[in-house]
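K.L.:
The following block contains the structure, expressed as structure tokens.
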Amino acid sequence: MHRFKDLEIWKLSRKFCSDIYIVTSNFPDSEKFGLTNQLRRASVSVPSNIAEGCSRSSNKDLSRFLEIAIGSIYEIETQILIAFDLGYIEQIKLDELCFNIDKIVKMTSKFRSTLQ
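Structure (structure tokens):
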């Protein structure tokens, strides 16, 4: 079992979740039940799956939850690109979010590889 609060990927993904909430707070009201909701749910899923995986008794189970977290981060990447296409996110913010996405994916993938 791993202590999720000690993991840098959990800390980074938790901060990233807060960033998504801040970014989506500027989305149009018409997106409240669309992209805003979808992005927020997916961003909460990343640190949540890392934490849940850490509660499992086997590395195989943890690895599966890390895989789900990676899937959620790719879902977020797709959605922020759509938000950018719609003019809801500026280029500089998109670049910052994508940088953090890449970092989370790399860290999570590397951690997963140590479990096998």
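Under this note's numbering, residues 34 to 149 are what the sequence shown spells out, in order.
Quick reminder that beta carbons are idealized off the backbone N, C-alpha and C, glycines included.
Ordered along the chain, which non-local residues of its own chain (more than five positions away) have a Cβ less than 6 Å from that of residue 133?
P.N.:
Excluding its 5 nearest sequence neighbours in each direction, residue 133 has C-beta neighbours in its own chain below 6 Å: 49, listed in chain order.
K.L.:
Determine the DSSP secondary structure at residue 134, reduced to helix, strand or coil.
P.N.:
If DSSP states are grouped into helix, strand and coil, residue 134 belongs with the helices.
K.L.:
Given that a residue counts as buried once 16 or more other Cβ atoms are within 10 Å of its Cβ, and exposed if not, what is residue 70?
P.N.:
exposed
K.L.:
Kindly list the residues whose CB is nearer than 8 Å to the CB of residue 83, restricted to its own chain and excluding five residues on each side of it in sequence; keep chain order.
P.N.:
37, 40, 42, 43, 46, 98, 99, 102 and 141
K.L.:
Roughly how many whole angstroms lie between the Cα atoms of residue 139 and residue 64?
P.N.:
30 Å
K.L.:
Roughly how many angstroms separate the alpha carbons of residue 147 and residue 61, rounded to a whole number?
P.N.:
42 Å
K.L.:
With DSSP as the reference, label residue 80 as helix, strand or coil.
P.N.:
helix
K.L.:
Drop a sphere of 10 angstroms on the beta-carbon of residue 145, count the other beta-carbons inside from all chains shown, and report buried for 16 or more, exposed for fewer.
P.N.:
buried
K.L.:
Does DSSP put residue 121 in a helix, in a strand, or in coil?
P.N.:
Correct three-state label for residue 121: coil.
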